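Residue numbers (our numbering): 810 to 1324. Cβ coordinates follow ideal geometry from the N, Cα and C atoms, glycine included. Nothing here was measured: the structure is a model prediction, and the numbers come from that model. Working notes, beginning with the structure itself.
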């Protein structure tokens, strides 16, 4: 009983007749502690009446909420851009849940597992930058994959432990719903919170938020698939352009030299590759025939292949002898700073007047010389004469070997994509199968023709690797002396390069041989 003025303190209670009041200071956020016996007392009045009145007001408008739900369904179906879709979700949610003070659309990064707020929307202007969400609530929602509702989040009801963000922003009611993908995994969530204890969220609000979140999740998944499709289309377009550019570095026509014939085949394991070959006119009607293999596959190897193509032509024209040209090419590539990249190269200089070939080898598989008269194979250069790959050691000096060509003889140069081709048992094609394809499968009527030799090798590789994906780029060049010098080379003189999708097997690659 109070008979004189008394200074009230925080949480002091005043009973006037059948009414009970709790005192709070002006600077202290309202945090009403409700005891169980007070909940049962019909005369205990806190914010319950006002609270129920506001909720009843919202719950008596099902038509408006249904209209809003249809609105968000239609709106989300009109865009496939995530940057547009997410703010749209927040805007519509604020229209549906007028008691919400803040809205967060939060995504979980797959790689780092970090929580990234994609959208932050607040009722009060210029407060988005300072808004923070409760990681405790968010992680609980994502880990459980279930929607959550916390009423009186600051109160002592035991539903939610006090967190810094809840205390700082005086959050009274929080609800969140996970964004679930088709695999049933939560990749993000939508969180709404309110600072007004008289206008907290209800179970009906939560069910409505779940409905919105489900629609938003589908729209976000569609947006993601659309983005992936667009990115894939752009990537394929870029790769197709890169493939065309790379093909422009390869010879477009085979050489035409009286008494000699040529064959070339090229196929990248991906859209672009690191294998390289070229025919470079030299002094005194000689012809440089180069075939190389850049370490690696794909775009990095293709870029270095382009560099190799330009530098090789310069070095060949600047140096009269093949060994010196290859040595200078090595220095040029070292100066380019290839880091851990290197190039193996077989360089041949054909002198059609003397019917001889000067061979220089830089860490590459030795070219094979097919002797028509004896129907046998021999290596064009020994391992002892083979130098280091290009781009490895500065100042490397390269040796050469001279090969005399008799009528019907031809030289076969190829990359390790031929010997490394795998079958369904993951067995490599190997050098012995290359030899067998040249010697044992020859057609006696045209066995000395470079076209026939090259086609036999490629056909054997295709049979071996049938049903298996190509593991490495393939390049093969054959050239040789005809039996009858009066015969002309191929009529078309056109080089065709077989190309195909990244995972296409050799046997299914469209196109035709380079004949």
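- Around the Cβ of residue 892, a 10 Å sphere holds fewer than 16 other Cβ atoms; the residue is exposed.
- With a 10 Å radius around the Cβ and a threshold of 16 neighbouring Cβ atoms, residue 1129 comes out exposed.
- When rounded, the separation of the alpha-carbon atoms in residue 1136 and residue 920 is 46 Å.
- The way I'd put it, the segment 1132-1146 doesn't touch the segment 1177-1189; fewer than three beta-carbon pairs between them come closer than 8 Å.
- When the Cα atoms are used, residue 945 and residue 876 turn out to be separated by approximately 33 Å.
- Within the DSSP secondary-structure output, residue 1003 pairs in a beta bridge with 982.
- Of the candidates 1176, 1241, 1230, 1176 places its Cα closest to the Cα of residue 1219.
- Take residue 949, set aside five residues on each side of it, and the residues of its chain with a beta-carbon closer than 7 Å to its own are 957, in chain order.
- Per the Cβ contact rule, the segment 1066-1076 is not in contact with the segment 1105-1123 (fewer than 3 Cβ pairs under 8 Å).
- Distance from the CA of residue 1245 to the CA of residue 1283, rounded to the nearest whole angstrom, comes to 18 Å.
- Rounded to whole angstroms, residue 1165 and residue 1258 show a C-alpha spacing of 17 Å.
- Nearest C-alpha to residue 993 among 1010, 951, 985, 982: 951.
- Judged by pairs of C-beta atoms under 8 Å, the segment 1015-1027 does not touch the segment 1046-1065, as fewer than three such pairs exist.
- Shown here for residue 1107: same chain residues with a beta carbon closer than 7 Å to its own, the five before and five after excluded, namely 1079, 1081 in chain order.
- Where residue 1181 is concerned, there is no enclosing alpha helix (DSSP H), because DSSP gives it neither an H nor an E.
- Straight-line spacing of the CA atoms in residue 1160 and residue 1264 works out to 25 Å.
- Sequence-distant Cβ neighbours of residue 1048 in its own chain, meaning closer than 6 Å and more than five residues away, are 1080.
- Distance check between residue 1228 and each of 929, 883, 1239, 922 places 1239 closest, using alpha-carbon atoms only.
- Within the same chain, Cβ atoms closer than 6 Å to the Cβ of residue 1139 are found at 1199, 1205, the five residues on either side in sequence being excluded.
- With a contact defined as Cβ atoms closer than 8 Å, residue 925 and residue 915 qualify at about 7 Å.
- In the DSSP annotation of this structure, residue 923 is not part of any alpha helix (DSSP H), being labelled neither H nor E.
- The straight-line gap separating the alpha-carbon atoms of residue 1167 and residue 1209 is approximately 6 Å.
- Residue pairing by DSSP puts residue 960 in a beta bridge opposite 982.
- Counting only runs of at least 4 residues, the segment 1001-1047 fully encloses no alpha helix (DSSP H) element at all.
- Per the DSSP secondary-structure output, residue 1286 pairs in a beta bridge with 1073, 1222.
- In this structure, 896 is the residue among 922, 896, 917, 923 with its C-alpha nearest to the C-alpha of residue 911.
- Take the alpha-carbon of residue 1202 and the one of residue 1131: they are about 18 Å apart.
- The beta carbon of residue 886 lies closer than 8 Å to those of 1028 in the same chain, with the five residues before and after it left out.
- One Cα belongs to residue 930, the other to residue 1044, and the distance between them is close to 35 Å.
- Counting C-beta atoms within 10 angstroms of its own C-beta, residue 1002 has 16 or more neighbours from the protein chains shown and is therefore classed as buried.
- Annotated as proximal: residue 1134 and residue 1156, with beta-carbon spacing under 9 Å.
- Looking from the CA of residue 1111, the closest CA among 1055, 987, 1101 belongs to 1055.
- Between the C-alpha atoms of residue 1196 and residue 1171 there is a straight-line separation of about 5 Å.
- With fewer than 16 other Cβ atoms inside 10 Å of its own Cβ, residue 823 counts as exposed.
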